[in-house]
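Numbering (our numbering), first residue to last: 2 to 339. All C-beta atoms, glycine included, are put in the ideal place defined by N, C-alpha and C. Given the structure is predicted, the values throughout are model-derived calculations rather than measurements. Have a look at the structure below, then the notes.
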Amino acid sequence: MHIQKNKSLKSYNTFGIEAKAKYFCSVGSVEDLEKVLKLKEYPEKIVLGGGSNILITQDIEALVLHIDIKGKQVVAENDDEVLLKVMAGENWHETVLWSLEQNYGGLENMSLIPGNTGTAPIQNIGAYGVELKDSFVSCEAMAVQTQKLEIFSKETCQFGYRDSFFKNEGKGKYIITSVTFKLSKRDHRTNTQYGAIEGELLKKNIQDPTIQQISDAVIAIRQRKLPDPQVLGNSGSFFKNPVVDRATFAQFSSSYPNAPYYKISDDAFKIPAGWLIEQCGYKGKRFGDAGIHKNQALVLVNHGNATGRDILALAERIMAIVSETFGIQISPEVNIMG
Ligand code: EPU
């Protein structure tokens, strides 16, 4: 366990933003995590996972813990299902690819989501009709104050749309060390309802897709629509899709009858923020090195040397224009640090 000083975080955040951590430590095991949390000389500690859901707006004065705990283990199985425990520092997409190689079904729709497995439950990652919670069984997390490992069931995680206990009451109090999934070994219950997947499979004339083919379709769609962070810094969807009540929705849809939406319940309608932003004329725009992606207006991008503050200023401008134009508030999905 080695504590580094004045470490650049540029390669630790997918926005590719230059900022420094006063102290930095890569944590490779649960034992090391316990040790580093006990260090009294660094009272303030901040956790970094895959760095794919953060915007760093200034240098960080605290000790940054980079969770790099690796390992995967089948903890139980029968003929139909497997319980797979994955340590927090495993890259999410590699976990998905590995599970597909074993013919374990359940994660295929979430192929190519950036980030690490241990941070996936915090915002209940999801894509193309499937969310992490659908295959989640439990996770282990260390309490920052007591260094005790606690097990969180699906219920205690209180998963919602891009939301969980760890984003609310549990925020800053726990560090997830592993996640356990229940995956199918045969008769996979696939989900290809999502329009874009259906279209992609149809193009290839695939009627009854395997989990591998679904993953390939998702990868193709994502590669078309979403920028590769290795090429163009970004953090996936910067904003959440706003959920509005029936009255607000009725007013909105009478003004914009062609707007896309998803009905969640009789009193909850989700409106794609990407559509709202595009209507405001912001898709593909660039202000210095901070920009809005040309294929998906929900994604803010760093064209090279944008600072976190540049991206934040653009985000605030977009939130204001959407609110003025539609009377609907949108809010960031990414964590803003600093
Ligand atoms: N749309 C536009 N303009 C845009 C973007 C979208 O008009 O610039 C419209 C689309 O035409 C479509 C609707 O908005 O009618 C929805 O678009 P899309 O299917 O691309 O999905 P989304 O709601 O914009 C969400 C997730 C993505 C996820 C996709 C697919 C959130 C915040 N984002 O985006 O997740 O990949 O669905 O399931 O829920 C992420 O969280 O980082 C992420 C990329």
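For the ligand EPU, is there a heavy atom less than 7 Å away from the beta-carbon of residue i?
i    : result
P228 : no
S238 : yes
N242 : yes
G234 : no
R225 : no
Q297 : yes
Y257 : no
K264 : no
P261 : yes
Y129 : yes
G275 : yes
R163 : yes
K168 : no
K284 : yes
E62  : no
E390 : Residue 390 is absent from the model: the chain starts at 2 and stops at 339.
E334 : yes
E279 : yes
Between the beta-carbon of residue i and the beta-carbon of residue j, is there less than 8 Å?
i    : j    : result
A218 : L202 : yes
A260 : G275 : no
G161 : P115 : no
S165 : I123 : yes
I278 : V244 : no
S53  : T96  : no
N235 : P273 : no
V300 : P230 : no
N117 : N92  : yes
Y129 : A221 : no
G285 : I293 : yes
R247 : D267 : yes
I47  : V76  : no
G107 : D135 : yes
Y283 : I319 : yes
E334 : F270 : no
K155 : N104 : no
A316 : G289 : no
Using a Cβ-Cβ cut-off of 7 Å (strictly less than) and excluding sequence neighbours within five positions of residue i, which residues of its own chain qualify?
i    : result
R223 : L113
K168 : I123, Q124
T193 : E199, L202, P210, I215
C281 : I322, V323, T326
I337 : L56, T58, L313
H189 : G106, I212
G90  : I68, D69, I70, K71, N117, G119
K205 : none
Within the same chain, show all residues whose beta-carbon is closer than 8 Å to that of residue i, passing over the 5 residues directly before and after it, in chain order.
i    : result
E151 : E141, A142, M143, A144, Y175
R310 : T58, Q59
S332 : F240, K241, P243, M320
M88  : I70, K71, G72, K73, T118, G119, T178, S179
G17  : K11, P230, G234, N303
W99  : K73
Q159 : S165, F166, N169
Enumerate in chain order the residues of its own chain whose CB-to-CB distance from residue i is below 6 Å, with the five nearest sequence positions on each side excluded.
i    : result
K8   : A22, F25
E45  : A63
A20  : L10, I57, D60
Q148 : E35, L38
E109 : I212, I215, S216
H94  : L113
E102 : none
I1   : Not covered by the structure: residue 1. The range shown for the chain is 2 to 339.
K295 : G285
Y195 : Y129, G130
Q74  : K86
Q330 : S324
Taking only beta-carbon atoms, is residue i less than 8 Å away from chain D?
i    : result
P210 : Judged by its chain identifiers, the structure shown contains no chain D, having just a single protein chain.
The segment 20-29 / the segment 63-79 touching (three or more Cβ pairs under 8 Å): Yes, the segment 20-29 is in contact with the segment 63-79.
Those runs of the alpha helix (DSSP H) which lie wholly inside the segment 124-208 and span at least 4 residues: List check, alpha helix (DSSP H) in window: 155-158, 196-204.
In the segment 41-127, which residue ranges form an unbroken alpha helix (DSSP H) of at least 4 residues, counting only runs that do not cross its ends? DSSP runs (the alpha helix (DSSP H)) wholly in the segment 41-127: 93-102.
If you pair each beta-carbon of the segment 170-187 with each one of the segment 82-90, do three or more pairs fall below 8 Å? Counting Cβ pairs under 8 Å, three or more are found: they touch.
With contact counted as at least three CB pairs below 8 Å, one residue from each stretch, are the segment 31-43 and the segment 254-274 in contact? Contact fails: fewer than three Cβ-Cβ distances are below 8 Å.
For the segment 246-322, which segments carrying the beta strand (DSSP E) assignment without a break, of at least 3 residues, lie completely within its bounds, in sequence order? Taken in chain order, the complete beta strand (DSSP E) segments of 3 residues or longer contained in the segment 246-322 are 263-266, 269-271, 291-293, 300-303.
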